[in-house]
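Everything below concerns the one structure shown next.
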Amino acid sequence: MSPLCINLAKTRSAHRAAEALLAKQHLIALQTPLLTSPLPSLTPSPMSSPVPKPRPVPKPPRKRTCKPVPAYSRKTANDSSSSEDSYRPSATMSTFSKPSADASPDAQWQSRVQLAIVSPTLHSDLIIGLDFLQTNFIVVDAHARTAIDKRSNFDLLHPPDPTLWRIPAKTTPAATRQHLQNLDAKFKKKYAECFPTELPHVSELSTDCYHCIEVQPNARISVARAYSCPRKFCQGWKTLIDQHLAAGRIRPSSSQYASPSFIIPKSDPNVLLCWVNDYCILNEVTVPDNYPLPRVDDILVDCAKGVIWGKIDMTNSFFQTLVHPDHIKYTATLTPFGLWEWVVMPMGMRNSPATHQRRVTLALKEQIGKICHIYLDHIIIWSNSIAEHEINVAKVIEALCTVHLYCSATKSSLFCTEINFLGHHISARGVEADTSKVEKILNWPTPKCAKHVRQFLGLVRYITAFLPALAEHTAILTPLTKKECNTNFPPWSNEHQTAFNAIKQLVVGRDCLTTIDHLNPGLNKIFVTFLSFGETWETARPVAFDSRQLQGAELNYPVHEQEMLAILRALKKWRTDLLGSHITIYTDYKTLENFDHQKDLSRRQARWMEYLSQYDYDIHYIRGEDNSVADALSRLPSSYTEPQVVAPIWSITSDKSLLDDIKLGYTEDPWTKSLLHDIKHDLILPSSGINLIDDLLFIGDRLVIPKYADLRENLFRLAHDNLGHFGGDKSYATLRSSYYWPNMRRNLVTAYVPQCMECQRNKSRTTKPTGPLHPLPVPDACFSSLTIDFVGPLPNDNGFDALCTMTDRSGANIQIAPTRCDCTAEDFALLFFNTWYCENGCPDEIISDRDKLFVSRFWKAFMKLTGIKHKLSTAFHPQTDGLSERSNKTVIQCVRYHVERNQKGWVKSLPRI
267 MSPLCINLAK
277 TRSAHRAAEA
287 LLAKQHLIAL
297 QTPLLTSPLP
307 SLTPSPMSSP
317 VPKPRPVPKP
327 PRKRTCKPVP
337 AYSRKTANDS
347 SSSEDSYRPS
357 ATMSTFSKPS
367 ADASPDAQWQ
377 SRVQLAIVSP
387 TLHSDLIIGL
397 DFLQTNFIVV
407 DAHARTAIDK
417 RSNFDLLHPP
427 DPTLWRIPAK
437 TTPAATRQHL
447 QNLDAKFKKK
457 YAECFPTELP
467 HVSELSTDCY
477 HCIEVQPNAR
487 ISVARAYSCP
497 RKFCQGWKTL
507 IDQHLAAGRI
517 RPSSSQYASP
527 SFIIPKSDPN
537 VLLCWVNDYC
547 ILNEVTVPDN
557 YPLPRVDDIL
567 VDCAKGVIWG
577 KIDMTNSFFQ
587 TLVHPDHIKY
597 TATLTPFGLW
607 EWVVMPMGMR
617 NSPATHQRRV
627 TLALKEQIGK
637 ICHIYLDHII
647 IWSNSIAEHE
657 INVAKVIEAL
667 CTVHLYCSAT
677 KSSLFCTEIN
687 FLGHHISARG
697 VEADTSKVEK
707 ILNWPTPKCA
717 KHVRQFLGLV
727 RYITAFLPAL
737 AEHTAILTPL
747 TKKECNTNFP
757 PWSNEHQTAF
767 NAIKQLVVGR
777 DCLTTIDHLN
787 PGLNKIFVTF
797 LSFGETWETA
807 RPVAFDSRQL
817 QGAELNYPVH
827 EQEMLAILRA
837 LKKWRTDLLG
847 SHITIYTDYK
857 TLENFDHQKD
867 LSRRQARWME
877 YLSQYDYDIH
887 YIRGEDNSVA
897 DALSRLPSSY
907 TEPQVVAPIW
917 SITSDKSLLD
927 DIKLGYTEDP
937 WTKSLLHDIK
947 HDLILPSSGI
957 NLIDDLLFIG
967 DRLVIPKYAD
977 LRENLFRLAH
987 DNLGHFGGDK
997 SYATLRSSYY
1007 WPNMRRNLVT
1017 AYVPQCMECQ
1027 RNKSRTTKPT
1037 GPLHPLPVPD
1047 ACFSSLTIDF
1057 VGPLPNDNGF
1067 DALCTMTDRS
1077 GANIQIAPTR
1087 CDCTAEDFAL
1097 LFFNTWYCEN
1107 GCPDEIISDR
1117 DKLFVSRFWK
1127 AFMKLTGIKH
1137 KLSTAFHPQT
1147 DGLSERSNKT
1157 VIQCVRYHVE
1167 RNQKGWVKSL
1177 PRI
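With this note's numbering applied, the sequence shown corresponds to residues 267 to 1179, in that order.
The following block contains the structure:
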């Protein structure tokens, strides 16, 4: 059998060119096999020449059993045609060497896997035997100069573009814009009864489904007061009421339940106002309807599989469902034009969304998850072709017409090649973030307070699924959202601005996510940095990103455990999509490859191993420089190039005399003088935020004002007097964004604003005036009124650890007696009898605090038996019995003079006091 030669190039000098390219490191080394279905293994033929051995590469992998190697040829850049089932070039190749002659027949050939070098400019001749062509179903046509694999129709001599992995492009050649618009108009005209210009009268609505309002048993619904309406909007509200009344949606009411309502104007003055019902009180006592809303992630996964999409927006969807006749009384609402109650389901009710979701779900239960999804009043339909989409749209619209649900023709788009749905953009490219939200992030100004930082991070986290390693950049901004930053916002440093710009850079380079293929769930890539970790889920393109900051004890974990923690988070977050499929996890920590075979596990690792046991996974090592998405993108650059913004600016001319006074004040104020000294001698680091620009001191973006002349008083006057004499906090907020000096808030709030004469004359009090004092009445005679209090615990001396002071309110006579902190009411009654009653008699009244002795039943019975009126002071208000507090202070002061060094002997010193 003679070999068949196939000439794959026209020159033999390519070996030298390849070596030169290798020296310049312009070649691409591929490491991961990308074949989906391998060919049968090679069998050497005695008639064919052995495969030549390529140049050895450094550190070849360990020897392993020879795997089937497919035939593939060099790809050219001139042919752009491709097939989804075409062979993808392997990144590995096998070289064969013959062993000794006495080896077994099964071991006639040994193989080892080496890295293949792919070069676009490498040309060489290759001799392939006929037996190889027969085994691999390759047909050679010498006349047409083709060599075709019959199983995939892959032409070895005319390969497609040199693409290692081609993403199947979902195209619709016939789906021109005009054609889709014609189909849209055709279907809306065909189903015109489902797209009315106005909703029909209530009498024509379906009675198959009612909205029920179940109130908790024995609940009390209080009637709220009506809200006032601006006179400018009264006529618009009256017009709105007349329209709803004519359509039968409302009717006059005499219900005992009434909730307030108000009007919100629209940005377009030609559009009617928005009537809002405030059912807060009713919602608190309404039994909740826990009918679930669908998960947005599940909707996006199914929708992104299509090629053609349609979106249906229902017209005033809540007004298409009737309220149960027995429950209409709860919908009564107060307006300036009387009391009205809703016959249809109003907006603002607690269970209105659940009722509507249930009704539409029942109407489309046969289509949901197959061709459409519903989220409240939004319906999305997807298909893989226009012909299929026509059938799917018809099914959905006919199902809606059957249950008398009406849609908006202007807000519905039935045939689209890309669509915006639930804050995401869906197209053939995949799922992307909504452009409007991206523009808001890119145009966000530098935050000036904690509230602005919270708003910015909240908007960014809305599209966090599209941003890799987001937590790495938000770590420095998150501390600025703490509660204490509301009143004392730290200076905006260069590190904050760098992270702020980095987040915008991530948003600019955001990825377009692909859909999930459960037959090939792809791989997870994990990375860990000092403050955060993140995960990437990929197939040919990213499916999702996720990252978060390390918290608390996680910062102290060993690095390999932090990496394993990231793996666990990825599996938990995407559990519903990964469980039951084989997963390949790539990590840049080689020790985790043997985590499954580790014998000695800590408690934490044992818990992790138990959780991992439910997944079918493999952990493979990947170098950090190869883990480009999960690792390289997470590195925070030291600086970013500011984008050039072309916009009109205001021309501001500064007051030179004011700036000269500030510069002169720097040399007079000791505090600013020390700052200048430290800056000139490089004692202040640039990272502190203190800078000297044009001889002016800045802390962050705020100008430092020295204590010189009346500079600070003039700023107080501008911020307080010229802006309407607002309170100290608002005046301080006006100044703090642009100026700084020590104790600015204290000077403004406690000194300047309280002494403003105009504020004292014009502002009314917002607090109640101080009430009159109610002192205790003066006793009529000595020993008639008595105060009692305890001092303790004291150092234990002769079995006593407290003392009791009994003070006569008229003569200030004080009796002191040692006692114990754990004495009972009976013990104290005996003490009182021996110490006070035997010497001074029975008093008319006793004043004391709310000690447990004085509120006990025994003491109350004792007071009733002796006829003494007992007065208890207010809780946590010692000012009620100030005489006892003064007596305690005097007694303690005197005892100090008589105690011994070991704090003993205070009991025997009491008679001398």
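Using N, Cα and C, we set each Cβ at its ideal position, and we do this for glycine too.
These numbers come from a predicted model, not from an experiment.
Problem - Distance, Y493 Cα to P1035 Cα - result: In this structure, the alpha-carbon of P1035 lies about 30 Å from that of Y493.
Exercise for the section: Please report the residue range of the alpha helix (DSSP H) in which G502 lies. Expected result: Here the alpha helix (DSSP H) through G502 covers 497 to 512.
Problem - At least 3 beta-carbon pairs within less than 8 Å: the stretch 561 to 580 vs the stretch 482 to 499 - result: No, because fewer than three Cβ pairs between the stretch 561 to 580 and the stretch 482 to 499 fall closer than 8 Å, the two stretches do not touch.
Exercise for the section: Kindly list the residues whose CB is nearer than 6 Å to the CB of I965, restricted to its own chain and excluding five residues on each side of it in sequence; keep chain order. Expected result: Around I965: P757, G955, I956, Y1006.
Problem - Segments of 3+ residues assigned as beta strand (DSSP E) that fall wholly inside the stretch 995 to 1020 - result: Counting only runs of 3 or more, we get nothing.
Problem - Inter-residue CB distance, I404 and D397 (contact presumed, cutoff 8 Å) - result: Taking C-beta atoms under 8 Å as the contact rule, I404 and D397 fail to qualify, at a distance of about 11 Å.
Handout entry: Status (buried if at least 16 other CB within 10 Å, exposed otherwise) for L989
Key = With fewer than 16 other Cβ atoms within 10 Å, it is exposed.
Practice task
Pick out whichever of D961, L1001, I663, A1068 has its Cα sitting closest to the Cα of L977.
Solution key: Comparing Cα-Cα distances from L977 to each of D961, L1001, I663, A1068, the minimum goes to L1001.
Problem - Spatial distance of T429 from I565 (CA atoms) - result: Note that T429 has pLDDT 36, beneath the 50 cutoff, so the model's placement of it is unreliable and the number below is only indicative. When rounded, the distance between both Cα atoms is 32 Å.
Problem - Same chain, Cβ closer than 7 Å to W710, five either side skipped, listed in chain order - result: Within its own chain, the residues whose Cβ lies closer than 7 Å to the Cβ of W710, once the five positions on either side in sequence are excluded, are F722, listed in chain order.
Exercise for the section: For H943, I'd like the list of residues in its chain whose CB is within less than 6 Å of its CB, leaving aside the five on either flank, ordered along the chain. Expected result: Closer than 6 Å at Cβ, skipping near neighbours: no residue.
Exercise for the section: Mind checking which residues open and close the alpha helix (DSSP H) that includes A1083? Expected result: In this chain, A1083 is not harboured by any alpha helix (DSSP H); it is covered by the beta strand (DSSP E) spanning 1080 to 1085.
Practice task
Only counting runs of 4 or more residues, tell me where the alpha helix (DSSP H) segments fall wholly within the stretch 438 to 496, in order along the chain.
Solution key: If we require 4 residues or more, the alpha helix (DSSP H) runs fully inside the stretch 438 to 496 come out as 443 to 456.
Handout entry: Nearest candidate by alpha-carbon position, reference W1125, set E1092, K1155, L1097
Key = Taking each of E1092, K1155, L1097 in turn and checking the Cα distance to W1125, the smallest one comes out for E1092.
Practice task
Tell me, to the nearest whole angstrom, how far the beta carbon of L423 is from that of R411; I am working on the premise that it is less than 8 Å.
Solution key: Between R411 and L423 the Cβ distance is about 6 Å, and since that is below 8 Å, they are a contact.
Handout entry: One or two residues paired with I707 in a DSSP bridge
Key = Answer by DSSP bridge pairing: none, since I707 is not bridged.
Handout entry: Identity of the residues DSSP links to V610 by a beta bridge
Key = Here V610 is bridged, per DSSP, to L588.
Practice task
Identify which residue in S1139, K1130, P531, Y596 has its Cα closest to the Cα of D1117.
Solution key: Of the candidates S1139, K1130, P531, Y596, S1139 places its Cα closest to the Cα of D1117.
Practice task
Use the C-beta contact count for Q444: other C-beta atoms within 10 angstroms, 16 or more gives buried, fewer gives exposed.
Solution key: With fewer than 16 Cβ atoms within 10 Å of its Cβ, Q444 is classed as exposed.
Problem - Outcome for P1144 when other beta-carbon atoms lying within 10 angstroms are tallied against a minimum of 16 - result: If you draw a 10 Å sphere on the C-beta of P1144, you find fewer than 16 other C-beta atoms in it, and that means exposed.
Practice task
With DSSP collapsed to three states, give me the class of W575.
Solution key: Note: W575 maps to strand in three-state DSSP.
Practice task
Keeping to the same chain, check which residues put their C-beta closer than 8 Å to that of K939; ignore five residues upstream and five downstream.
Solution key: Only residues of its own chain outside the window of five on either side were considered, and among them Y932, T933 have a CB closer than 8 Å to the CB of K939, listed in chain order.
Practice task
State yes or no: is the C-beta of V1173 within less than 8 Å of the C-beta of P1041?
Solution key: Against a cut-off of 8 Å, the Cβ pair of P1041 and V1173 comes out as no contact.
Practice task
With DSSP as the reference, label G1107 as helix, strand or coil.
Solution key: DSSP places G1107 in coil when its eight states are reduced to three.
Handout entry: Presumed contact (8 Å Cβ cut-off) between A737 and Q815, rounded CB distance
Key = Here A737 really is in contact with Q815; their C-beta atoms are around 5 Å apart, less than 8 Å.
Handout entry: Range covered by the beta strand (DSSP E) that runs through L1042
Key = Unbroken run through L1042: none, as it is neither H nor E.
Handout entry: Meets three-Cβ-pair contact criterion under 8 Å: the stretch 589 to 603 and the stretch 573 to 580
Key = No contact exists between the stretch 589 to 603 and the stretch 573 to 580.
Handout entry: Residue interval of the beta strand (DSSP E) (run including F1056)
Key = For F1056, the uninterrupted beta strand (DSSP E) segment begins and ends at 1051 to 1057.
Problem - Complete runs of the alpha helix (DSSP H) confined to the stretch 1134 to 1165 [at least 4 residues] - result: Within the stretch 1134 to 1165, the alpha helix (DSSP H) runs of at least 4 residues that lie entirely inside it are, in chain order, 1148 to 1162.
Practice task
Evaluate C1087 with the Cβ neighbour count: other Cβ atoms within 10 Å of its Cβ, from every protein chain shown; 16 or more gives buried, anything less gives exposed.
Solution key: When all chains shown are included, C1087 counts as exposed.
Exercise for the section: Determine the contact status of I479 and Y557, defining contact as a CB-CB distance below 8 Å. Expected result: No, Cβ-Cβ distance for I479 and Y557 is not below 8 Å.
Problem - Beta bridge counterpart(s) of Y887 as assigned by DSSP - result: Note: Y887 sits in a beta bridge opposite T853.
Exercise for the section: Kindly list the residues whose CB is nearer than 7 Å to the CB of Y1163, restricted to its own chain and excluding five residues on each side of it in sequence; keep chain order. Expected result: Excluding sequence neighbours, Y1163 sits near nothing in its chain.
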